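Novice:
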Amino acid sequence: MANRVTVGLDGSPESTAAARWAAHEAELRGASLDLVHAEEWLEDPPLPVTTTEERRQWADAVLRDTANEARRVHPSLKVDTRRVAGLPSLALTRAAEDSDMLVLGSRALGSVAGFLVGSTSASTVIEALRPVVLVRSMDRAGNPPDGTRDQGPIVVGVDIHQPSDKLLAFAFEEASHRHSPLVIIHGWSPPPILSYAPALDPGVQQEMAHGITTTLDETISPWHEKYPALQVDSRATIGQPAIQILDAASTAALVVVGRRIRHSAFGTHIGPITHAVMHHAVAPVAVIAHE
105 MANRVTVGLD GSPESTAAAR WAAHEAELRG ASLDLVHAEE WLEDPPLPVT
155 TTEERRQWAD AVLRDTANEA RRVHPSLKVD TRRVAGLPSL ALTRAAEDSD
205 MLVLGSRALG SVAGFLVGST SASTVIEALR PVVLVRSMDR AGNPPDGTRD
255 QGPIVVGVDI HQPSDKLLAF AFEEASHRHS PLVIIHGWSP PPILSYAPAL
305 DPGVQQEMAH GITTTLDETI SPWHEKYPAL QVDSRATIGQ PAIQILDAAS
355 TAALVVVGRR IRHSAFGTHI GPITHAVMHH AVAPVAVIAH E
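Count along the sequence shown from 1, then add 104; that gives the number in the working numbering.
1) What's the gap between the Cα of residue 268 and the Cα of residue 359?
2) Check for me: the alpha helix (DSSP H) holding residue 378 runs from which residue to which?
3) Please state if the CB of residue 289 and the CB of residue 349 are separated by a distance shorter than 8 Å.
4) Thinking just about the alpha-carbon of each residue, which of 205, 265, 382 and 340 is nearest to the one in residue 311?
5) So, helix, strand or coil for residue 202, using DSSP?
6) Taking residue 196 and residue 228 to be in contact with their CB atoms under 8 Å, please state how far apart those CB atoms are, rounded to whole angstroms.
7) Please work out which residues of its chain come closer than 6 Å, Cβ to Cβ, to residue 119, disregarding the five sequence neighbours upstream and downstream, and give them in chain order.
8) Run through the DSSP bridge pairs and tell me what residue 292 is partnered with.
9) Start and end of the beta strand (DSSP E) containing residue 283?
10) Please identify the residue among 326, 211, 324 and 107 whose C-alpha is closest to the C-alpha of residue 183.
11) Starting from residue 259, trace the alpha helix (DSSP H) in both directions and tell me its first and last residue.
12) I need the straight-line Cα distance from residue 325 to residue 177, nearest angstrom please.
13) Just reading off the beta strand (DSSP E) that residue 108 is part of, what are its end residues?
14) Can you tell me the Cα-Cα spacing of residue 266 and residue 168, whole angstroms?
15) Just how far apart, CA to CA, sit residue 319 and residue 262?
16) Across which residues does DSSP place residue 392 in a beta bridge pair?
17) Can you give me the C-alpha to C-alpha distance between residue 163 and residue 189, rounded to a whole angstrom?
18) Would you list the residues sitting across from residue 142 in a DSSP beta bridge?
19) Put residue 208 into one of helix, strand or coil per three-state DSSP.
20) Using CA coordinates, which residue listed in 364, 377 and 144 is at the minimum distance from residue 393?
21) Report the three-state DSSP secondary structure of residue 354 (helix, strand or coil).
22) To the nearest angstrom, how far is the alpha carbon of residue 230 from that of residue 317?
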């Protein structure tokens with residue numbers, strides 16, 4: 105895998121925010137920045153481009169201007185640009201096959217509605233096996249919310265009943281790059297029978313909570329040993345996992361969630377927790393594919 109951060113550009117403020125975040129991320133990692141435009145991406149073209157040559161000239165200008173800004177803000181950063189052809193989600197996925205991550209933009213819809221993850225970004229999240237980071241734009245100038253929020257924690261949601269090594273590896277590495285605290289969330293709910301007859305055994309819920317906390321600690325332990333200098337706060341809390349993650353992510357620099365790799369064309373490819381976080385977390389959201 106190349107030491108590279110790839111970002112998809114379509115000329116929108118959202119992709120500008122993504123490029124700015126990706127440039128900062130590449131600098132933190134000591135990686136290069138790869139700016140990519142998928143030629144068939146234009147879901148909502150910002151300019152009325154018509155001919156193939158006009159589209160290419162416009163795309164080249166977007167790539168050039170974005171690269172120039174990245175080099176100005178990060179003088180030591182190696183920046184490459186390219187145009188790729190094909191179905192946008194597949195073209196961007198292929199472009200990032202050997203990158204550390206693929207970074208895309210998403211648009212704010214308001215405090216209640218959340219963020220719009222466009223069809224290209226949503227399809228790319230489903231297709232990509234590399235981490236995909238969705239970066240928010242809170243204004244039409246392409247500015248990420250609160251800058252890059254370097255001082256915030258890295259928040260990762262894990263399910264102790266599912267494989268979590270890829271999520272934890274990414275989250276611990278990211279926290280290490282940023283010298284940020286790491287918050288690990290596992291939300292759970294007691295069996296419904298305890299709600300109907302809590303007096304049957306008052307200690308059952310406490311025993312379950314202890315067991316879940318122990319399992320979470322055991323899951324984290326190898327990674328904590330690998331990154332002993334990191335400040336880690338693990339929480340096994342009662343409640344809806346998505347709500348727990350979103351609450352913890354309100355001041356986060358980055359939120360990390362997972363998605364199961366589904367080889368069938370049918371069925372859900374993004375689970376309800378990841379879907380909720382993708383659409384409602386203000387911080388950038390990294391989606392990690394895992395078996």
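Every residue gets a Cβ at the ideal spot worked out from N, C-alpha and C, and that includes glycine.
Here the structure is a predicted model, which means the values were calculated and not measured.
Specialist: On the basis of the data shown:
1) About 15 Å.
2) 376–384
3) yes
4) Out of 205, 265, 382 and 340, 340 has the C-alpha closest to the C-alpha of residue 311.
5) coil
6) 5 Å
7) The residues are 113 and 209.
8) 342
9) Residue 283 -> no beta strand (DSSP E), and no H or E assigned at all.
10) 107
11) Residue 259 -> not in any alpha helix (DSSP H); beta strand (DSSP E) instead, spanning 258–261.
12) 38 Å
13) 108–112
14) 43 Å
15) 12 Å
16) 362
17) 12 Å
18) 188
19) strand
20) 364
21) helix
22) Rounded to the nearest angstrom, the gap between the Cα atoms of residue 230 and residue 317 is 31 Å.
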